[in-house]
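Please read the structure below before turning to the comments.
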Amino acid sequence: MSVVTRFAPSPTGYIHIGNVRSAIYPYLIARQKKGKLILRIEDTDRARYVEGATELIEDTLKWLGLEWDEGPIVGGPNAPYFQSERKEIYLEWAKKLIDSGRAYADPTPPETIEAYRNECTKNKTPFLYRNFRPENPPKWELGMPLRFKADPKDYKWHDEVMGDMHAGPEVQDDIILIKKDGYPTYNFAHIVDDAEMGVTHVMRGVEYLSSTPNYLALYDALNLPWPKFVSLPHILAPQGNKKLGKRDGAKSVTEYRDDGILPEAMLNYLACLGWNDGTEQEIYTKDELIDSFSLDRIQTSGARYDEVKLLWMNGQWLRRIFDEQGVGALYDRTRDFWPEVAANFDEDYKKKVLSIVYDRLKTLSDLRSMTDYFFKEPEIDLDLLTKNKFVKKLSEAEIESLLKESIAALSSLSEWDADHLQGVLNGLLEKTGKKPAELFSLIRIAISFAPFSPALNLTMEVLGRDKTLSRLNAVARAI
RNA sequence: GGUCUCGUAGUAUAACGGUUAGUACAUCGGGUUUUCAUCCCGACAACGCGGGUUCGACUCCCGCCGAGAUCACCA
22 MSVVTRFAPS PTGYIHIGNV RSAIYPYLIA RQKKGKLILR IEDTDRARYV EGATELIEDT
82 LKWLGLEWDE GPIVGGPNAP YFQSERKEIY LEWAKKLIDS GRAYADPTPP ETIEAYRNEC
142 TKNKTPFLYR NFRPENPPKW ELGMPLRFKA DPKDYKWHDE VMGDMHAGPE VQDDIILIKK
202 DGYPTYNFAH IVDDAEMGVT HVMRGVEYLS STPNYLALYD ALNLPWPKFV SLPHILAPQG
262 NKKLGKRDGA KSVTEYRDDG ILPEAMLNYL ACLGWNDGTE QEIYTKDELI DSFSLDRIQT
322 SGARYDEVKL LWMNGQWLRR IFDEQGVGAL YDRTRDFWPE VAANFDEDYK KKVLSIVYDR
382 LKTLSDLRSM TDYFFKEPEI DLDLLTKNKF VKKLSEAEIE SLLKESIAAL SSLSEWDADH
442 LQGVLNGLLE KTGKKPAELF SLIRIAISFA PFSPALNLTM EVLGRDKTLS RLNAVARAI
């Protein structure tokens with residue numbers, strides 16, 4: 022039997038790191054088993070519907086490289102993929118239940134139900150609607166809530182992550198199938214859709230674990246086979262033990278994209294949060310994840326989201342792309358991340374800059390703050406010089422003469438490249454008798470006025486003879 | 001309150017009855033002719049508690065404690 026998984030978000034806003042994992046795992050398992058991933062939009066709650074949310078979801082999935090085989094945009098044999106467009110289908114299935122006596126119209130006003138519920142909480146007993154089931158419900162018609170008629174019993178089932186499960190009758194109730202507004206509830210719609218679409222693995226957050234017995238009863242009443250259940254533990258917020266949500270400031274996945282996180286790193290980090298293959302590998306490509314992923318190694322407990330590790334992983338990916346695919350490949354990812362002043366510089370120059378700064382980037386957006394001085398004349402800030410822990414050991418006169426000697430030596434250099442520059446630098450060291458820390462700090466600051474920068478010879482090579490010398494001269498004059 | 005789930009260093013995890021409890025991030029120290037970073041080396045740091053079972057328990061069983069989920073005409 023071929024595997025069909027699905028990601029079924031409701032369009033109520035952006036996707037954040039707390040909930041993308043329920044897209045990643047279904048994707049991985051679908052690809053590994055050469056099956057299908059369906060994207061289905063669960064938009065039956067009109068009150069919570071957010072305009073544009075579907076597009077946001079699609080963007081997120083595309084950015085992460087999680088292509089879906091059926092769903093919005095791509096279509097498929099089970100269209101439509103928006104639940105709001107499938108009302109007739111749910112009605113048809115609901116009729117079967119009514120005909121077999123397993124569903125009935127609920128005439129109880131919400132206030133009355135609320136009163137029942139309050140009474141139960143007061144008595145510290147669980148509230149079960151079926152205990153208040155009306156004896157002679159009216160004939161159901163659109164505009165009334167339709168309830169399932171539960172036939173509570175013991176259920177045993179297997180969860181691919183949590184293991185063997187069982188539940189007694191006490192958790193099964195007459196759940197609402199169709200709401201007053203004619204839309205189905207999640208509880209009913211997802212079962213119908215999963216069955217119609219041939220979904221084999223129902224993968225979702227653990228919060229659905231406790232309602233599974235109700236679903237089981239529904240599958241049975243509908244004469245449908247049970248799919249495989251896969252409960253995904255929560256991702257926990259950095260503080261506390263609650264699942265990560267928007268309230269905790271969970272950023273949208275696309276926000277990370279805009280902050281310069283690579284999709285490879287994001288996917289890698291998220292996939293490995295709460296899952297591992299038993300080896301000590303940390304960095305996985307998408308293909309490697311597809312190969313080694315397995316449901317039974319998904320963690321059963323929640324995992325805390327750790328942005329620091331994400332950042333580390335992003336750095337690993339940045340370097341990996343540079344090392345394996347070259348500057349060009351990394352440069353292609355950086356287009357939106359250069360400082361504004363870089364706009365007028367050509368690609369070649371920016372590639373050179375990139376190739377000497379890339380190994381100190383944590384995110385692509387670090388480029389903005391780290392590379393200014395390659396594109397505009399730095400403001401001379403003598404404090405930076407005099408307060409530097411090495412340069413401050415030198416007197417003003419020494420600084421002036423060191424600068425002059427450096428200018429003289431560099432001016433006469435014919436081959437302006439990293440190797441020859443290093444040669445000059447070494448000669449200067451010997452001639453002046455200064456420590457590298459003193460001389461190099463001085464020159465470094467004089468040409469960049471940045472808190473840190475790449476190796477001196479590389480910086481000078483990229484900057485070029487003219488800029489290097491004119492900056493040194495400017496500082497010499499300013500002293 | 002009922003039901004269910006979970007519990008290894010600060011964090012993410014390995015171990016599937018016998019190891020000095022491994023790895024990664026973080027932290028701290030050191031090295032690579034300046035800085036920042038990379039890279040390399042090193043250090044610190046964990047089996048929630050209590051009972052069993054066993055020659056031997058992180059691993060199996062029970063109890064406790066702690067944390068979480070759920071009990072909507074939300075998904």
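The working numbering runs 21 ahead of the 1-based position in the first sequence.
No residue lacks a Cβ here, since even glycine has one placed at the ideal position from N, Cα and C.
Out of G56, T81, Y326, the CA that lies nearest to the CA of P30 is found in T81.
Excluding residues up to 5 positions away in sequence, A324 lie with their Cβ nearer than 6 Å to the Cβ of L294 in the same chain.
Beta-bridge analysis with DSSP links V25 to K57. By DSSP's assignment, I319 forms a beta bridge with W296. Of the residues L87, A439, K177, the one whose Cα lies closest to the Cα of L479 is A439. In this structure E285 is buried. Its beta-carbon is surrounded by 16 or more other beta-carbon atoms within 10 angstroms.
Residue pairing by DSSP puts I197 in a beta bridge opposite R168.
The beta-carbon distance between L49 and F314, rounded to whole angstroms, is 4 Å. This is short enough to meet the 8 Å contact definition. Just measuring C-alpha positions, the residue of T206, L230, S390 sitting nearest D180 is L230. S491 places its beta carbon 8 Å or farther from that of I464. Between the beta-carbon of V220 and that of L253 there is about 15 Å, and that puts the pair past the 8 Å contact cut. DSSP places W359 outside both helix and strand once states are collapsed to three, so it counts as coil. Separation of the CB atoms of A124 and L167 is rounded to 5 Å, and the pair is thereby assigned contact status at 8 Å. If you look at H187, you'll find it in the beta strand (DSSP E) that goes 184-188. Taking K201 as reference, the option from Y240, L163, A242 with the minimal CA-CA separation is L163.
Judged by DSSP in its simplified three-state form, W178 adopts strand. Rounded to the nearest whole angstrom, the C-alpha separation of K456 and L450 is 7 Å. Fewer than three pairs of CB atoms, one per stretch, sit closer than 8 Å, so the segment 171-180 makes no contact with the segment 206-218. Contact annotation: the segment 320-334 does not touch the segment 342-362, with fewer than three C-beta pairs closer than 8 Å.
In the structure shown, V223 falls within a strand segment according to DSSP collapsed to helix, strand and coil.
Distance from the Cα of V192 is smallest, within the candidate group S232, P159, M186, H211, for S232. Nearest to L77 by C-alpha distance, out of T275, S376, V374, H255, is T275. Between E421 and A497, the C-beta spacing is below 8 Å. When the alpha-carbon of E400 is set against those of L493, N144, H211, L243, the nearest one is in L493. At a Cβ-Cβ threshold of 8 Å, P158 and A136 do not count as neighbours. Bridge pairing for P457: absent [DSSP]. Assignment of K249 by DSSP, reduced to helix, strand and coil, places it in the strand class. I466 sits in a helix when the DSSP states are folded into three classes. Sixteen is the threshold: when 16 or more other Cβ atoms of the shown chains lie within 10 Å of the Cβ of E91, as they do, the residue is buried. Residue environment analysis places K307 among the buried positions, since at least 16 neighbouring C-beta atoms fall within 10 angstroms of its C-beta.
Residue burial is scored here from C-beta neighbours: F473 has fewer than 16 other C-beta atoms within 10 angstroms and is therefore classed as exposed. The residues A430, in chain order, have a CB closer than 7 Å to that of G448 in the same chain once the five nearest residues on each side in sequence are set aside. Across the structure, L406 and L423 are spaced so that their CA atoms are roughly 13 Å apart. R318 sits close to W296, with the two beta carbons spaced by under 8 Å. Here the segment 358-369 lies against the segment 387-398, with 3 or more beta-carbon pairs under 8 Å apart.
Take S273, set aside five residues on each side of it, and the residues of its chain with a beta-carbon closer than 7 Å to its own are Y35, I36, H37, in chain order.
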